[in-house]
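S.K.: Please read through the structure below; I'll follow up with questions.
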Amino acid sequence: MQEVFFQEDLVLPEITVNNSNEAIKQTGEVLHKAGFVSEEYVESVLKRESSFPTGLQLAGLALAIPHATPEGNVAKNGIAVGRLTTPVYFQSMENPEKEVAAEYIFMLALKDSERHLEVLKQLFASLQKPSVIAALKGAKTKAEIMSVVEHNFLAQ
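This is the structure we're talking about:
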């Protein structure tokens, strides 16, 4: 995933929140503090999530991939990764009437809206691999999560 930055300061190994909005806000704050997005971007993500949910149930792992269309509020490409200490319910992207108990959140911040589809395809391809799911489920620390990301997502 060239031009998209996973970096250690965008990894949250323990997110403790009560709901999906709090998870998005906490993950978005990391992107904001690191200079990837403006505060408005996080609000855009929350708004988009209410209309177009991003919860995804995979074989053995549920996660959410919240994002928004950039409107001058993304300074540079980045993906924040957070492990939820207790699963948080997100509405399913496949069927918004259902919920998934997300264990991870991958929050996208991409300057080019055309890159969203490409990056999502790459993420989905990696997340279909049982070895990647097992590695994510076993990763507990920032270094362990970053290692999974480096070996499975950056190697695309």
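Start counting at 1 in the sequence shown, then tack on 6, and there's your number in our numbering.
We treat Cβ as the ideally placed atom computed from N, Cα and C, and that holds for glycine.
Computed from a predicted model, the values in this text were never measured in an experiment.
What do you reckon, are the CB atoms on residue 159 and residue 12 nearer than 8 Å?
M.R.: It is a contact, given that the beta carbons lie within the stated cut-off.
S.K.: Could you compute how far the alpha carbon of residue 95 sits from the alpha carbon of residue 89?
M.R.: Roughly 13 Å separates the two Cα atoms.
S.K.: When the Cα of residue 79 is compared with those of 126, 128, 153 and 116, which residue comes out closest?
M.R.: Closest by alpha carbon: 116.
S.K.: Grab me the residues of residue 144's own chain with a C-beta within less than 8 Å of its C-beta, minus the 5 sequence neighbours each way, in chain order.
M.R.: Cβ neighbours of residue 144 beyond the five flanking positions: 150.
S.K.: On a Cα-Cα basis, can you pick out the residue from 133, 56 and 75 that is closest to residue 25?
M.R.: Of the candidates 133, 56 and 75, the one whose C-alpha sits nearest the C-alpha of residue 25 is 56.
S.K.: Suppose only complete runs of 4+ residues qualify. What are the alpha helix (DSSP H) ranges in the region 95-137, listed by chain order?
M.R.: Counting whole runs of 4 or more residues, the region 95-137 contains the alpha helix (DSSP H) stretches 119-133.
S.K.: Are the Cβ atoms of residue 72 and residue 51 separated by less than 8 Å?
M.R.: Yes, Cβ-Cβ distance for residue 72 and residue 51 is below 8 Å.
S.K.: Report back the beta-carbon spacing between residue 139 and residue 112 to the nearest angstrom; my notes put them in contact at under 8 Å.
M.R.: Incorrect: roughly 13 Å between the Cβ atoms, too far for contact.
S.K.: Give the straight-line distance between the Cα atoms of residue 15 and residue 61, rounded to the nearest whole angstrom.
M.R.: Going by the C-alpha atoms only, they are around 24 Å apart.
S.K.: May I have the straight-line CA-CA distance separating residue 65 from residue 119, to the nearest angstrom?
M.R.: So the alpha carbons of these two residues sit roughly 28 Å apart.
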